[in-house]
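One structure is given below, encoded as structure tokens.
Number of protein chains: 2
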Amino acid sequence: MSEPRLVEVRRNVLKQNDVIARDLREQFRNAGVFVVSLVSSPGSGKTTFLEKTLTQLQPQYRVAALVGDLATENDAVRLARSKAPVKQITTGTLCHLEAAMVESALKEWDVGQLDFLFIENVGNLVCPSAYDLGEDLRLVLLSVTEGEDKPLKYPHMFRAAAVVVLTKTDLLPHVGFDVGECLANVRRVNPAARVFQLSVRNGSGVPELCDWMASQTRVARA
Amino acid sequence: MSEPRLVEVRRNVLKQNDVIARDLREQFRNAGVFVVSLVSSPGSGKTTFLEKTLTQLQPQYRVAALVGDLATENDAVRLARSKAPVKQITTGTLCHLEAAMVESALKEWDVGQLDFLFIENVGNLVCPSAYDLGEDLRLVLLSVTEGEDKPLKYPHMFRAAAVVVLTKTDLLPHVGFDVGECLANVRRVNPAARVFQLSVRNGSGVPELCDWMASQTRVARA
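First to last, the protein sequences are chains A and B.
The opening residue of the first sequence carries number 1 in my numbering; numbering runs sequentially from there.
The opening residue of the second sequence carries number 1 in my numbering; numbering runs sequentially from there.
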């Protein structure tokens, strides 16, 4: 539990991760690619959102995605339907992506040929929060079926993301979810977070978030 | 990533955890208390299920609960409404409960006075799978909003649980969730798992699971 050697070794791994993430970030900046990572609980709708986003951005932008999972290539198969280049990172028992995995997965790709690179993390609201992947923007997704209290119960993750995306809003009439209370909880742990609400099922809110991300690439490159 | 010292130290922590868990299990057996742990993604309905279960079992059984979270005492406050003894374990940044935390949380309690002890883990479908808490029974909850593929994507957790509980079945008419496909996925990773389906909101399935758990205490003590 409070095993000091584990804490020490974990700190070293984090330091090592930060060094690689810094290199990645510089590489992404030089290549002119805007990198967005997605984190959430399992089943919050990351892959469905990503499939929709890749499809929506593709007419105008060159997009690609890396997707992390413990097991299966299901997500890569689903995302391939968008026709965008997609690569699966299978982590085995590891509960999060690390910068070295991103670096290694990108070896055969020329990121200079991309406008957007999306990185979908393992579904986990805890461990991925500590690992910088060199991304420009981190989105945390929270579905309206999960309860308003999650920002307070997983504060590290909600603090480590610049954007909070409330997903599955089409289910609002069927679940006792108080959007106002959830947003107040988001503000308590991360007052600067930008919040979007959307439903991939009925399409509402997706174009607004895509437009906003596109505007951010222009800011990043200015 | 493949930092060998981290793997080695983690292995030692697991070994140490197993020793404490073995002691706990013996202590629980001697005390005649049946211990059930709950794991799931954040927002699958562990606390709501537990509140209902504590209330349902209480007329006949002496019940208590330990609840793990990174932050907040919200769950303990919610569960206290059941009038059962409840204690919160706040883990800080740690993504799972360990046997030593359970041991320490139980110091002031006489488990010999209990028939059932429930342990609600941190919401996380990855990391808690490796940590034995000395429980008799581990339940993994999966809500029908999370998708049928979760048993395949988080196989370690679904293998490490004897019981799979499909929750929020009242939402089935509003989500595209194929129960048959999900059960087939459960069987692929854990053919021996017992599956229950329930909705705390409309009450269906909860008495059946409570009755079954009660029958298991009799088996364990026989």
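For each residue, glycine too, the CB sits at the ideal point set by N, CA and C.
Here the structure is a predicted model, which means the values were calculated and not measured.
Under 6 Å Cβ to Cβ from residue i, same chain only, skipping five residues before and after it: list those, please.
i: A:Val86; result: Ala65, Ala76, Leu79, Ala80
i: A:Pro155; result: Val189
i: A:Ala192; result: none
i: A:Tyr131; result: Asn17, His96, Glu98
i: B:Ser82; result: Glu51, Leu54, Thr55
i: A:Glu73; result: Gln88
i: A:Gly112; result: Ala31
Hey, would you say residue i sits closer than 7 Å to residue j, going by beta carbons?
i: A:Leu117; j: A:Ala84; result: no
i: A:Asn121; j: A:Gly68; result: yes
i: A:Lys52; j: A:Val164; result: no
i: B:Lys168; j: B:Ser143; result: yes
i: B:Val9; j: A:Val9; result: yes
i: B:Met101; j: B:Ile89; result: yes
i: A:Lys46; j: A:Leu141; result: yes
i: B:Val200; j: B:Phe49; result: yes
i: B:Pro151; j: B:Asn185; result: yes
i: B:Arg62; j: B:Leu114; result: yes
i: B:Leu139; j: B:Leu38; result: yes
i: B:Gln197; j: B:Leu171; result: no
i: B:Ala162; j: B:Ser129; result: no
i: A:Ser40; j: B:Ser41; result: no
Please list the partners that residue i has in chain B, where partner means a Cβ-to-Cβ separation under 9 Å.
i: A:Gly134; result: Result: empty, since nearest Cβ-Cβ is about 14 Å, beyond 9 Å.
i: A:Asn185; result: Near A:Asn185 there are no residues of chain B at all, since even the closest Cβ is about 10 Å away, more than 9 Å.
i: A:Leu171; result: Thr145, Leu171, His174, Val175
What does the Cβ neighbour count give for residue i, buried or exposed, with the cut at 16 atoms within 10 Å?
i: B:Asp149; result: buried
i: B:Gly92; result: exposed
i: A:Glu146; result: buried
i: A:Asp178; result: exposed
i: A:Ser104; result: exposed
i: A:Asn202; result: exposed
i: B:Ala21; result: buried
i: A:Leu30; result: Checking the sequence, you will find Asn at residue 30 of chain A rather than Leu. A:Asn30 should be labelled exposed.
i: A:Gly134; result: buried
i: A:Glu181; result: exposed
i: A:Lys15; result: exposed
i: B:Val36; result: buried
i: B:Val219; result: exposed
i: B:Val126; result: buried
Can you name the residues of chain A whose CB is closer than 7 Å to the CB of residue i?
i: B:Gly147; result: Gly43
Within its chain, find whatever has a CB closer than 8 Å to the CB of residue i; leave out the 5 residues flanking it on each side and keep chain order.
i: A:Gln216; result: Phe34, Asp136, Leu137
i: B:Asp211; result: none
i: B:Met1; result: Its pLDDT being 46, under 50, B:Met1 is placed unreliably in this model, and the coordinates cannot settle the point.
i: B:Ala214; result: Leu57, Gln60, Tyr61
Quick one: list the residues of chain A neighbouring residue i, beta-carbon separation under 8 Å, in chain order.
i: B:Ser143; result: Gly43, Thr145
i: B:Cys95; result: Cys95, Asn124, Val126, Cys127
i: B:Lys168; result: Thr145
Run down chain B in chain order and give the residues with a C-beta less than 7 Å from the C-beta of residue i.
i: A:Tyr154; result: Pro42, Leu70
By Cβ distance, which residues of its chain are closer than 7 Å to residue i, with the 5 residues on each side in sequence left out?
i: A:Arg221; result: Gly32
i: A:Pro59; result: none
i: B:Ala71; result: Thr90
i: A:Leu6; result: none
i: B:Arg194; result: Ala162, Val163
i: B:Glu208; result: Phe196
i: A:Val19; result: none
What does residue i reach in chain B if we use C-beta pairs closer than 8 Å?
i: A:Arg10; result: Leu6
i: A:Asn74; result: Asp149, Leu152, Lys153
Quick check: is any heavy atom of the ligand FMN less than 6 Å from the C-beta of residue i?
i: A:Ala100; result: Among the components of this structure there are no ligands whatsoever, and the ligand FMN is therefore not found.
Problem set entry | Those runs of the beta strand (DSSP E) which lie wholly inside the region 122 to 150 of chain A and span at least 3 residues | 137 to 143
Exercise. Whole beta strand (DSSP E) runs in the region 156 to 199 of chain A with 3 or more residues, listed along the chain?
Worked result: 163 to 167, 194 to 197
Problem set entry | Residue ranges of each beta strand (DSSP E) within the region 52 to 92 of chain B, 3 or longer | 63 to 69, 86 to 90
Problem set entry | Inside the region 6 to 34 of chain B only - alpha helix (DSSP H) runs reaching at least 4 residues | none
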